[in-house]
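Taking it in order: structure first as structure tokens, then the write-up.
Protein chains: 2
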Amino acid sequence: MTSRRPTDALPADALTYEQAGVNYDLIDPLKVAAQRAAAATATNLAPHGFTELTASRGESAYVVDVGPFYLASIVECLGSKALVADEMKALTGRSHYAGIAQDTIAMAVNDLITVGATPLVVQAYWAAGGSDWFGDAERAQALVAGWKAACDTCGVAWGGGETPALAGIVEAGRIDLAASCTGIVNPKTRLSTGDQLAAGDAIVLLASSGIHANGLSLARKLVERLPQGYLTEIAPGLSYGQALLAPTVLYSPVTEALFKAGITPHYCANVTGHGWRKLMRHPAELTYRFDRVPAVPPVLAFIQQRARLDDHEAYGTLNMGAGFALYVAAADAERTVEVARSLGIEAMVAGRVEAGPKRVVIEPLNVSFGADELQLR
Amino acid sequence: MTSRRPTDALPADALTYEQAGVNYDLIDPLKVAAQRAAAATATNLAPHGFTELTASRGESAYVVDVGPFYLASIVECLGSKALVADEMKALTGRSHYAGIAQDTIAMAVNDLITVGATPLVVQAYWAAGGSDWFGDAERAQALVAGWKAACDTCGVAWGGGETPALAGIVEAGRIDLAASCTGIVNPKTRLSTGDQLAAGDAIVLLASSGIHANGLSLARKLVERLPQGYLTEIAPGLSYGQALLAPTVLYSPVTEALFKAGITPHYCANVTGHGWRKLMRHPAELTYRFDRVPAVPPVLAFIQQRARLDDHEAYGTLNMGAGFALYVAAADAERTVEVARSLGIEAMVAGRVEAGPKRVVIEPLNVSFGADELQLR
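Here it is, written out as structure tokens:
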């Protein structure tokens, strides 16, 4: 079992994420500079009497100690999934923007809850390529209805937002969707930035509904290889485009229910870009060993096959059926699964945390990812 | 002195904001639907034991009562000002993205403080048209440096953010900039959503640095009428483009210093889109009468003259030198001015709140705006 760069030794016609158009070599220097500058602003909190949780730097949400509880906040972008909705609208006449709204909120909420926060307020950022985007009443109403429904599912208030028309910045006919989310970690013992993470913990994986909103550049690129494009049937009556548009699962009902059940995860990982490599997001030197893998949603199995990705590349890029990971005390593992299932979200105790070098080991697939394969900080 | 729609009776060649490309008739139905749906989500806070401040709906930031203090949050878009920076870069070779960063943070922070909140955390939303946007190291570093400097000025921690490359959504070579901001109103008596606003209050106007980040569509459209375009001199050695790019003033140091000085504004208005019409943003039936107006920044005087806008149109669209309004007890007015000046921000006691129909009356200009000229809720 070897650890290797995801693009080594793939078939010549394999379609990797890097080939799908995002060049991290260009973005990363800026990201590093921004992370350093951002870290240096932590001292600005001192005059207010507050401090940042330095452990939250590099995690999915930023956390500040404001006294009686921790404050968590985040802004997240949908990415390019709306382009698939636009294509499917042209092909089928049906608007998928209710689901797109849920995807956008999921990007923010599912990240915010990783630190143990209860999401409280979501703000909408809907930047259209021109006023006329909003003139399609069916699409606009679907976006509004889906946004509200997702807020209701997550128990958050929709505080407001921005609906700018940005001709010249956003492309005509397109919309740039993002959400910000603010929450609190209350009581403070709910904090799950990983201080408690340790060998012996169980890893519970919550099922994804499909691709969620990560890997869409790859999924869109793959369409060029499909003679029937988005209308390619991947299962009886299910088109590739429709399957891609399955809305991202909202996981905050699970984390809230766990709290009510007396279970505090030691750590959480939202499985987004970098797929299962995200499961070693925490900086600790620990091995994450999986002896089971969840069922792969048909759309992800289809992408893996048609893009000719081996398991190392597929699991290193896509969620492959695992949308969210909860690292809990071994004694809490089965009950964690039950809590998720009681909310209609499939779950399994899939692995465990072990002493050892930092890596993710997926035994049934003979795949592992080493620490050098995830550079987030 | 009559109240009228801004576009009535202007010269035939006048260039109004509506003509500059944003059609609110298309956006407004969506906005209304979104506002209604958002308002209906307030009940989601009850299971958490919290309540929204309903008075904050329709204000510039959303406020939730979380017990020991109020939580305020917002997301704000820069708008199209970055397009001016891009044009000026092409003409002069100089990057203005440090200032653009300040503008973006100002959009969020200056709104957040209107409710009496201390801004604590800013998140960056930088969505580029492709990875290559970030490859221009000078521009990227200017954006980072300006963002950090603005955070330092406002005493906020830069929590993190998103730097997606959104080819197909954001135009190639462009960037969609936004900021979210979270803060707290602490103590709760700092809340300035207008409960205390009353006849007899003084209105202190804080000086703007220029156009700030509202009215740029109009300013950009005007360039088409200028033979020398952005390089047109509007004052000796000062080009139109450079003047437009003066960064927005950050007003949170003033509101924080006022608190330390024992002054709690009864209400605040960030003068953005709709210019001085925003000064009657509060729903109360009150008259806002001004007997003085601040000096008009050269770039705004230039726009008014070249776009052939009368005072009603100009003051109803642009800030005309007033970037932020503080409605304070009359006894606090002069001290409020002193506090602002001590921070290097020019200020004046310009008007007062009176019993009477809801309107803004600018006596020196013989201009007034009626309640029907501002529809925000």
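Protein chains in written order, with the working numbering: chain H, 239 to 615; chain F, 239 to 615. The C-beta atom is built at its ideal place from N, Cα and C for all residues, glycine as well. A quick note: this is a predicted structure, and the numbers were derived from the prediction, not measured.
C-beta neighbour in chain H for residue i, strict 8 Å
i: residue 506 of chain F; result: no
i: residue 510 of chain F; result: no
i: residue 407 of chain F; result: yes
i: residue 599 of chain F; result: no
i: residue 240 of chain F; result: Here residue 240 of chain F scores only 41 on pLDDT, less than 50, and its place in the model is too uncertain to base an answer on.
i: residue 245 of chain F; result: Since pLDDT at residue 245 of chain F reaches only 49, below the 50 mark, its modelled position is unreliable, and the value read off the structure follows with that caveat. Answer no: the Cβ-Cβ gap between residue 245 of chain F and chain H never drops below 8 Å.
i: residue 418 of chain F; result: yes
i: residue 321 of chain F; result: yes
Where the beta strand (DSSP E) through residue i begins and ends
i: residue 491 of chain H; result: Segment 490-498 is the alpha helix (DSSP H) holding residue 491 of chain H; no beta strand (DSSP E) there.
i: residue 308 of chain F; result: 308-315
i: residue 237 of chain F; result: Because chain F is modelled from 239 through 615, residue 237 of chain F falls outside the range shown and cannot be assessed.
i: residue 564 of chain F; result: 560-566
i: residue 382 of chain H; result: Here residue 382 of chain H belongs to no beta strand (DSSP E); instead the alpha helix (DSSP H) covers 375-392.
i: residue 593 of chain F; result: 585-593
i: residue 527 of chain F; result: 524-528
i: residue 578 of chain H; result: First-last for residue 578 of chain H: 571-580, but that is the alpha helix (DSSP H), not the beta strand (DSSP E).
i: residue 471 of chain F; result: 471-473
Within chain F, partners of residue i - CB distance below 7 Å
i: residue 561 of chain H; result: Within chain F, no residue comes near residue 561 of chain H; the closest Cβ sits about 19 Å away, beyond 7 Å.
i: residue 492 of chain H; result: None at all; the shortest Cβ gap to chain F is about 15 Å.
i: residue 460 of chain H; result: Within 7 Å Cβ-Cβ: nothing; residue 460 of chain H doesn't reach chain F, min ~15 Å.
i: residue 485 of chain H; result: Ordered by position in chain F, no residue passes the 7 Å Cβ test against residue 485 of chain H, which lies about 17 Å from the chain.
i: residue 422 of chain H; result: 304
Where residue i meets chain F, residues with beta-carbon distance less than 9 Å
i: residue 525 of chain H; result: The contacting residues do not exist; residue 525 of chain H stays about 27 Å from chain F at best.
i: residue 519 of chain H; result: What residue 519 of chain H touches in chain F: nothing, since even the nearest Cβ is about 14 Å away.
i: residue 282 of chain H; result: 358, 389, 390, 392, 393, 394, 395 and 396
Chain H contact residues for residue i, given Cβ-Cβ distances below 8 Å
i: residue 286 of chain F; result: 356, 358 and 393
i: residue 267 of chain F; result: 372, 375 and 378
i: residue 596 of chain F; result: The premise fails here: residue 596 of chain F is roughly 22 Å from chain H at the closest Cβ pair, so nothing lies under 8 Å.
i: residue 279 of chain F; result: 386, 389, 390, 394, 395 and 396
Residue i in three-state terms, based on DSSP
i: residue 350 of chain F; result: helix
i: residue 255 of chain H; result: coil
i: residue 357 of chain H; result: strand
i: residue 607 of chain H; result: strand
i: residue 239 of chain H; result: In this predicted model, residue 239 of chain H has a pLDDT of only 39, less than 50, meaning its place in the structure is not dependable; the value taken from the coordinates is given anyway. If DSSP states are grouped into helix, strand and coil, residue 239 of chain H belongs with coil.
i: residue 433 of chain H; result: coil
i: residue 245 of chain H; result: Its pLDDT being 49, under 50, residue 245 of chain H is placed unreliably by the model, and nothing is read from it.
i: residue 322 of chain H; result: helix
i: residue 597 of chain F; result: strand
i: residue 302 of chain F; result: strand
i: residue 268 of chain F; result: helix
i: residue 487 of chain H; result: coil
i: residue 297 of chain H; result: coil
i: residue 444 of chain H; result: strand
i: residue 461 of chain H; result: helix
Contact with chain F by residue i, beta-carbon distance below 8 Å
i: residue 412 of chain H; result: yes
i: residue 363 of chain H; result: yes
i: residue 449 of chain H; result: no
i: residue 612 of chain H; result: no
i: residue 425 of chain H; result: no
i: residue 254 of chain H; result: no
i: residue 308 of chain H; result: no
i: residue 318 of chain H; result: yes
Residue range of the unbroken alpha helix (DSSP H) whose run includes residue i
i: residue 541 of chain H; result: 536-544
i: residue 481 of chain F; result: 478-482
Contacts of residue i in chain H (Cβ-Cβ under 7 Å)
i: residue 312 of chain F; result: 361
Under 8 Å from the C-beta of residue i: neighbouring residues of chain F
i: residue 401 of chain H; result: 265, 268, 269 and 272
i: residue 609 of chain H; result: What residue 609 of chain H touches in chain F: nothing, since even the nearest Cβ is about 22 Å away.
i: residue 382 of chain H; result: 268, 271, 272 and 275
Closer than 9 Å at the beta carbon, the chain H residues around residue i
i: residue 290 of chain F; result: 359, 395 and 397
Problem set entry | Touching by the beta-carbon criterion (3+ pairs, under 8 Å), the stretch 330-348 of chain H and the stretch 332-345 of chain F | No: fewer than three Cβ pairs fall under 8 Å.
Exercise. Three or more C-beta pairs closer than 8 Å, one from the stretch 283-291 of chain F and one from the stretch 384-392 of chain H: is that the case here?
Worked result: no
Problem set entry | Stretch pair the stretch 587-599 of chain H + the stretch 469-480 of chain H: three plus CB contacts closer than 8 Å | Touching, no.
Exercise. Would the stretch 410-425 of chain F and the stretch 443-462 of chain F be scored as touching if the rule is three or more Cβ pairs under 8 Å?
Worked result: no
Exercise. Taking contact to mean at least 3 C-beta pairs separated by less than 8 Å, is the stretch 260-280 of chain F in contact with the stretch 317-325 of chain F?
Worked result: The answer is no - the stretch 317-325 of chain F does not touch the stretch 260-280 of chain F, with fewer than three Cβ pairs under 8 Å.
For this session: Decide if the stretch 586-594 of chain F is in contact with the stretch 458-467 of chain F; the criterion is three or more beta carbon pairs, one per stretch, under 8 Å apart.
Result: no
For this session: For the stretch 402-418 of chain H and the stretch 356-371 of chain H, state whether three or more C-beta atom pairs, one from each stretch, are separated by less than 8 Å.
Result: yes
Problem set entry | Contact the stretch 286-305 of chain H vs the stretch 349-360 of chain F: 3+ CB pairs below 8 Å | yes
Exercise. Is the stretch 567-585 of chain F close to the stretch 512-523 of chain F, with three or more CB pairs under 8 Å?
Worked result: Output reads no: the stretch 512-523 of chain F does not touch the stretch 567-585 of chain F.
Problem set entry | the stretch 560-569 of chain H touching the stretch 471-480 of chain H, judged by at least three CB pairs closer than 8 Å | no
Exercise. Three or more beta-carbon pairs under 8 Å between the stretch 346-356 of chain F and the stretch 482-501 of chain F, yes or no?
Worked result: Touching, yes, given that three or more Cβ pairs across the two stretches are closer than 8 Å.
Problem set entry | Stretch-stretch touch, CB-based, cutoff 8 Å, three pairs: the stretch 521-540 of chain H with the stretch 431-441 of chain H | yes
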